[in-house]
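Report on the following structure.
There are 2 protein chains.
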Amino acid sequence: MDSLFTPSSIAVVGASSVSGKIGNTILSNLQSAGYSGQLYPVNPRGGDINGISAYKKISDIGTPVDLAVVAVPRDLVLGIFKELLELGVSSVVVITAGFKEVDHEGWLLEVQLAKLAEEHGVNLLGPNCLGVINSRGGVNASFATGNPLPGSMGFFSQSGALCVAVLDWALGEKVGFSKFISLGNKAVINEASMIEYLGNDPETKVILGYVENIEDGREFMAQAAKVSMKKPILMMKAGTTPAGARAASSHTGAMAGSDQACDAAFRQSGVIRVEKLDELFNLAKAFSVQELPLGPNLGIVTNAGGPGILAADACGESVMRMPTFSPGTIGELQRMLPGYASLYNPVDLLGDADAESYGRAVRIVGHDPAVNSLLVIIAPTVNLDFTEVAKAVVQGMGEVSKPVFCCLMGRKNSAEAREIFAEAGVPVYDFPKQAVRAMDCMHKYAVWKGRPPRTYFTPEHDVDAARAVVDNALRSGRSELVEFQARDIVTAYGLPTPESDLARSGDEAVAIAEQLGYPVVLKIASPEISHKSDVDGVRVGLNCAEEVRAAFWDITARTQRLRPDVFIAGCLVQQMASPQSREVIVGFRRDKQFGPLLMFGLGGVYVEILKDISFRLAPLSVEEAGEMVREIRSYMLLKGVKGGEPVDFEAITDVLIRMSCLADDFPEIYEAEFNPVLVNSDEALVADARMTVVDISADAGNRPDERE
Amino acid sequence: MDSLFTPSSIAVVGASSVSGKIGNTILSNLQSAGYSGQLYPVNPRGGDINGISAYKKISDIGTPVDLAVVAVPRDLVLGIFKELLELGVSSVVVITAGFKEVDHEGWLLEVQLAKLAEEHGVNLLGPNCLGVINSRGGVNASFATGNPLPGSMGFFSQSGALCVAVLDWALGEKVGFSKFISLGNKAVINEASMIEYLGNDPETKVILGYVENIEDGREFMAQAAKVSMKKPILMMKAGTTPAGARAASSHTGAMAGSDQACDAAFRQSGVIRVEKLDELFNLAKAFSVQELPLGPNLGIVTNAGGPGILAADACGESVMRMPTFSPGTIGELQRMLPGYASLYNPVDLLGDADAESYGRAVRIVGHDPAVNSLLVIIAPTVNLDFTEVAKAVVQGMGEVSKPVFCCLMGRKNSAEAREIFAEAGVPVYDFPKQAVRAMDCMHKYAVWKGRPPRTYFTPEHDVDAARAVVDNALRSGRSELVEFQARDIVTAYGLPTPESDLARSGDEAVAIAEQLGYPVVLKIASPEISHKSDVDGVRVGLNCAEEVRAAFWDITARTQRLRPDVFIAGCLVQQMASPQSREVIVGFRRDKQFGPLLMFGLGGVYVEILKDISFRLAPLSVEEAGEMVREIRSYMLLKGVKGGEPVDFEAITDVLIRMSCLADDFPEIYEAEFNPVLVNSDEALVADARMTVVDISADAGNRPDERE
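Chain order of the listed sequences is A and B. In terms of the working numbering, the first sequence opens at residue 2 and continues consecutively. In terms of the working numbering, the second sequence opens at residue 2 and continues consecutively.
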């Protein structure tokens with residue numbers, strides 16, 4: 002990637018001497034940014050462009066170039082690209098728009114470009130992008146207006162408009178960038194490659210990204226998981242809601258993966274998901290200058306009560322905590338403050354506080370062992386000198402070496418103070434909640450980085466037995482595996498099921514029931530009925546032979562009447578769950594971008610009405626399986642309320658891990674659901690299961706995920 | 002209040018010639034704001050202050066004044082106040098701090114001030130405040146720095162620091178105020194009086210407020226409900242979380258009411274609650290310039306896909322909708338746009354859009370009958386002229402007369418465009434989500450204003466019978482009314498209960514059970530046991546005489562062993578609920594500020610674990626009772642899932658309204674809970690009830706709400 006970010010020579014193909022044209026802006030940007038390498042403007046008319054004599058043809062350059070920036074009409078791009086390959090080129094930025102985002106022809110052209118680039122090992126950025134900027138070395142190979150300041154944020158964006166808005170914001174806020182990349186259509190270079198590159202870039206301290214879809218979910222996760230251990234990755238993913246996703250696919254032609262899958266991918270690879278642009282900037286500011294706090298405990302120093310309360314409110318809504326100070330701290334504060342000041346957290350220095358009292362309070366609170374980080378709120382008062390306060394706070398902070406954040410509630414007369422804070426690495430916010438949100442986010446990232454290593458294990462299972470069931474279904478052209486077929490797979494994966502057997506007659510049902518012991522459950526068994534409740538095909542709590550026989554005839558007769566066309570194998574006779582059992586659901590659905598997305602929830606209304614579900618992508622670590630279970634709102638019901646016994650959590654996580662293993666083993670299984678899984682304090686029994694299989698050897702157009 | 006906001010004479014008591022002193026700043030502010038009425042500086046040393054000769058004593062003024070601003074040491078304030086009363090004064094602003102917010106002595110002084118002010122009919126603002134500003138007429142009677150621009154926002158704040166921050170922000174954003182009020186300790190003038198005043202102030206179009214507590218909940222609601230029908234009220238209430246509330250009470254000595262009560266009060270009186278300062282400003286901007294939309298349907302026009310998706314995402318997270326355009330609209334768009342532009346909502350004009358295409362798109366989309374309001378997103382592109390776009394949008398918008406909002410994604414070269422939009426009343430935002438949030442909020446406010454009138458009715462009930470039970474409990478010194486006592490009140494309020502009777506022996510229990518019909522429930526009956534489950538005092542599903550007799554002895558014996566000290570009246574024998582019944586909880590708790598706060602939730606885990614509860618303040622209208630029921634997440638369970646019958650919703654709202662009536666009739670009942678109420682498709686039976694009563698004639702210090 003060095004040829005893209007630190008090229009020693011750059012060809013600008015489509016360079017123009019007409020001011021306002023993109024081909025002129027690119028050349029001018031490189032010149033005004035002070036690019037000192039070799040520049041080759043290319044224009045069929047030749048002549049002098051911005052003081053450099055232009056080449057009429059690419060071949061005229063005569064020597065390979067590191068980077069070429071292409072801004073020519075769409076229909077010329079492929080030809081130009083081939084000429085560049087002939088000349089020799091390492092990286093190409095295609096600015097030109099009109100590819101897969103507009104029509105099928107454009108899509109075909111883009112595919113050809115990508116193929117050529119990959120064959121020749123060329124880095125291709127775009128097409129349909131704004132370009133790339135390395136703020137050091139004068140590489141502003143873009144048609145953005147304005148040169149970003151050098152800084153420590155690496156930024157990439159799928160949307161060119163966002164690039165422009167971000168550059169503009171950054172210039173106004175005096176925030177600098179290390180690298181700035183407009184991804185465009187992501188024909189070759191995408192978010193995964195940029196995360197990898199910026200992860201290794203010593204000039205980048207924090208990575209920011211805006212995407213509308215993820216190109217290669219697995220590669221993205223792999224890179225992000227590696228890089229997030231080194232530096233924070235803050236990303237916005239637009240198209241989160243159905244309305245947004247519709248706009249996304251009409252815009253870039255991107256197939257939006259399901260948002261739950263993306264959310265799980267971000268979480269599992271340590272990417273911090275950000276919802277709003279202003280929040281992205283607020284968080285980036287903190288991460289780029291301040292150290293991570295060692296814990297959630299925040300000490301607040303303020304000269305005004307109101308903002309202190311707002312900060313406390315923000316703590317209450319986050320994982321940040323406001324610890325009680327030690328008696329020593331309170332004693333020291335008492336000695337320095339007037340009698341009616343608040344000595345507790347938040348410390349209120351009151352309206353007549355001066356720089357000295359700020360400095361002392363920062364020192365005292367900062368030394369309290371319960372405090373991990375500090376928030377200093379400065380509200381303007383009649384005689385307060387922001388500059389002096391900033392100096393005092395920075396000095397005090399130097400002695401305590403804990404992260405300090407500042408909320409400066411006024412823009413007037415604060416320029417110098419802001420510079421002092423900036424130099425000392427103190428992020429400054431306008432409002433208390435912004436500051437607390439940033440601290441909360443940094444703390445969570447610290448927890449992520451410090452988490453114990455994830456443990457994976459592959460449970461013993463009989464893959465051949467499962468394979469036989471799947472192949473059999475595919476051979477017979479069935480896509481649904483219903484209970485009595487799916488059960489063989491459940492068993493092959495070492496999961497217990499309630500004892501049960503298939504009865505083909507009422508007498509057989511009674512015989513099986515007598516063997517299992519009453520009460521029993523009867524369920525319709527037909528390969529063509531996957532939702533048994535549609536035919537009212539389940540009877541629970543059957544207590545004697547009479548009831549079983551009557552239920553058998555009732556279920557089968559009703560099904561025959563309702564679905565005269567289907568084959569009825571009989572009824573499944575099953576052990577009844579103990580009354581202490583609770584029902585949970587474990588399932589997965591294969592996401593196009595990220596693979597199997599596992600789901601967990603309490604059964605019944607908790608999933609259906611309250612949507613109380615947790616998600617993770619396979620393969621699932623033991624720790625993640627545990628998180629899934631603890632994450633649902635109704636978790637307390639599994640722990641047991643009012644003296645009820647907790648369920649066997651290990652048994653539940655075992656089910657989750659075995660399902661994850663199944664999902665990884667069989668790409669043919671598109672969807673699976675164990676529902677219900679009956680858990681009590683001793684075990685978790687898979688009482689019902691169904692799966693959807695697809696022939697992955699067949700035309701991909703038939704896969705269910707293409708039909709959405 | 003005219004003497005406060007448009008005084009014809011102002012005395013500044015504590016005026017000083019020393020620059021930087023508060024008494025100097027106040028006088029200077031009045032002068033620099035161009036106050037043209039009579040000014041009387043008062044200072045014991047006399048002399049010339051800012052060019053006016055000062056009075057040594059208040060009595061020297063010799064003629065009554067409209068307004069006096071007092072900035073003298075605390076211990077002089079009361080004396081000064083009395084002198085002002087003698088001279089004759091209509092309004093007094095006490096700037097001085099050091100009252101109830103610091104110590105008991107200050108609290109006593111403040112009470113005396115308030116008493117005097119009320120006796121003499123004087124408007125008292127403060128103490129411990131920044132002052133008051135009327136941006137028209139030069140009344141800057143404050144020690145704020147800078148004069149706010151005239152405008153249409155009326156702002157009041159309990160926190161002086163917030164006042165300063167808001168003024169500073171407004172000057173930077175060129176936003177103006179009609180009136181600007183620092184409430185301080187709210188000894189007399191509080192949020193309710195300001196809402197009333199600003200509601201009638203023709204110069205105020207939108208009311209903004211920041212409070213940490215509400216002084217008089219009922220008065221606040223009454224004023225807010227009246228005013229919110231005329232103009233929007235946007236308020237922040239800090240101290241929302243336990244952490245925040247702790248900070249609040251150590252700061253102002255304000256007793257924080259429960260946040261749920263406050264939330265209900267805001268909602269029921271049409272106050273829009275805002276969580277963050279930046280949001281307050283963003284919403285105020287919209288309300289102060291733009292008309293309310295006639296519906297939730299939003300048409301989006303953009304020149305960049307990314308921001309369009311972000312706007313669509315924001316719609317998905319709100320009640321705003323993006324309608325499908327009519328075929329006519331799509332046809333017109335098709336004729337004007339390139340083939341690869343998106344003609345659907347959001348309309349993407351693409352990066353080469355110019356002012357003309359913006360104007361035409363606004364006209365076309367604006368004329369679509371499905372569209373209620375428009376969001377125009379403008380991202381900077383190479384050749385786009387913001388000024389021209391603004392002109393074209395404003396012109397187009399003039400022809401459609403629907404509310405238009407703008408997202409201008411860049412600060413550079415946008416000053417003129419911003420002015421054009423400001424003049425045309427188009428609120429401009431930096432980011433799409435801010436704009437959609439503002440539109441969402443305006444739409445909700447429009448719905449609130451247009452809602453059908455609330456209907457209240459007082460159900461028939463026997464207040465004397467209930468009074469007898471309450472008085473009896475109070476006479477005997479009991480504070481808890483347990484089931485068999487509370488049931489008489491339930492019956493007096495016309496609510497059905499399951500048939501039941503008190504049994505004093507096992508034989509009596511059997512006799513009652515035989516009469517009621519099996520199955521029955523047995524519950525321990527003791528005036529001293531309000532939580533029957535603590536002694537395991539309930540048995541359900543008793544099917545025969547044997548079971549009833551055994552249960553009676555078991556329950557009573559167990560209770561005697563566990564609580565040998567309590568009186569056991571026997572057991573209550575009760576009809577068993579039908580299996581189709583669902584359990585709900587209806588209750589109330591008396592909030593110190595707002596009165597009875599009614600609560601509704603599904604029984605069991607929904608309330609205990611999932612905290613799925615809705616709240617409203619009494620008196621409850623029929624419509625609000627319905628809202629309470631529909632608002633809970635588990636509402637679907639009451640409607641019936643999978644073919645289950647819906648419950649009798651009218652019966653539930655009837656219980657809510659009767660409880661509201663009970664709460665209003667008996668201030669002695671501090672807390673009440675009907676739990677469970679058994680509802681099925683025919684009725685709602687109050688199966689258990691308990692209440693807490695307090696002697697309100699006794700010392701208020703004994704009331705439970707004082708003990709918090």
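Just so it is clear, CB atoms sit at the ideal spot from N, CA and C, and this is done for glycine as well.
With distances taken between CA atoms, B:Asp67 lies nearest to B:Ala142 out of B:Ala142, B:Ile23 and B:Asp202. Listed along chain B is no residue with a C-beta nearer than 8 Å to that of A:Phe601; the closest approach is about 17 Å. In the three-state reduction of the DSSP assignment, B:Asn201 falls in the helix class, which pools H, G and I. Between the segment 272–292 of chain B and the segment 383–400 of chain B there are fewer than three C-beta pairs closer than 8 Å, too few to call the two in contact.
At a C-beta separation below 8 Å, B:Ala239 has these neighbours in chain A: Gly307, Ile310, Leu311 and Asp314. Proximity of A:Glu674 to chain B, defined by a Cβ-Cβ separation below 8 Å, is not satisfied. Against chain B, the CB of A:Gly507 has no partner CB under 8 Å away; the residue lies outside that interface. By the neighbour-count criterion, in which a residue is buried when 16 or more other Cβ atoms sit within 10 angstroms of its Cβ, B:Arg438 is buried. When DSSP states are grouped into helix, strand and coil, A:Thr26 belongs to the helix group. In this chain, B:Thr388 is not harboured by any beta strand (DSSP E); it is covered by the alpha helix (DSSP H) spanning Phe387 to Val401. Segment contact: the segment 301–312 of chain A against the segment 186–205 of chain A, fewer than three CB-CB distances shorter than 8 Å; contact not assigned. DSSP places A:Phe458 in the coil class of the three-state scheme, outside both helix and strand.
DSSP places B:Asp67 inside the beta strand (DSSP E), whose first and last residues are Val66 to Val71. For A:Gly571, the pairing in a beta bridge is given by DSSP as A:Ala526. At a cut-off of 8 Å between beta carbons, B:Met398 makes no contact with chain A. By the criterion of at least three beta-carbon pairs nearer than 8 Å, the segment 8–22 of chain A is in contact with the segment 57–72 of chain A. Not one beta carbon of chain A lies nearer than 8 Å to the beta carbon of B:Pro324. Contact of B:Thr693 with chain A is not assigned, every C-beta pair being separated by 8 Å or more. Residues of the segment 408–434 of chain A that bring their beta carbon within less than 7 Å of a beta carbon in chain B comprise Met410, Gly411, Arg412, Lys413, Phe432 and Lys434, in sequence order. Three or more beta-carbon pairs separated by less than 8 Å are not found between the segment 259–268 of chain A and the segment 403–416 of chain A, which leaves the two stretches without contact.
Between the C-alpha atoms of A:Val574 and A:Val549 there is a straight-line separation of about 9 Å. Inter-segment contact for the segment 142–158 of chain B and the segment 269–285 of chain A is absent: fewer than three beta-carbon pairs are separated by less than 8 Å. Ranked by Cα distance from B:Leu543, the first of B:Arg559, B:His532, B:Ala558 and B:Lys524 is B:Lys524. Using beta-carbon distances, A:Phe616 does not count as an interface residue toward chain B, since no partner is under 8 Å. Using a 10 angstroms sphere on the CB of A:Pro42, the tally of other CB atoms reaches 16 or more, which defines it as buried. By the 16-neighbour rule on beta-carbons within 10 angstroms, A:Asn384 is exposed. Assignment of A:Met443 by DSSP, reduced to helix, strand and coil, places it in the helix class. Each residue's CA atom was taken as its position, placing B:Glu547 and B:Met577 some 17 Å apart. Neighbours of B:Ala371 across chain A, judged by C-beta separation under 8 Å, do not exist; the nearest C-beta is about 15 Å away. For B:Leu281, the three-state secondary structure derived from DSSP is helix. For A:Lys277, the nearest beta carbon of chain B is closer than 8 Å to its own beta carbon.
The beta carbon of B:Thr654 lies closer than 6 Å to those of Ala626 and Gly627 in the same chain, with the five residues before and after it left out. Every beta strand (DSSP E) stretch that sits fully inside the segment 658–682 of chain B and reaches 3 residues is listed by chain position as 670–680.
Annotation: A:Ala380 to A:Gly138 spans about 41 Å, alpha carbon to alpha carbon. For B:Asp169, the chain A residues whose C-beta falls within less than 8 Å of its own C-beta are Pro381, Met410, Gly411, Arg412 and Lys413, listed in chain order. Contact fails between the segment 144–164 of chain A and the segment 100–107 of chain A, because fewer than three Cβ pairs, one in each stretch, are under 8 Å apart.
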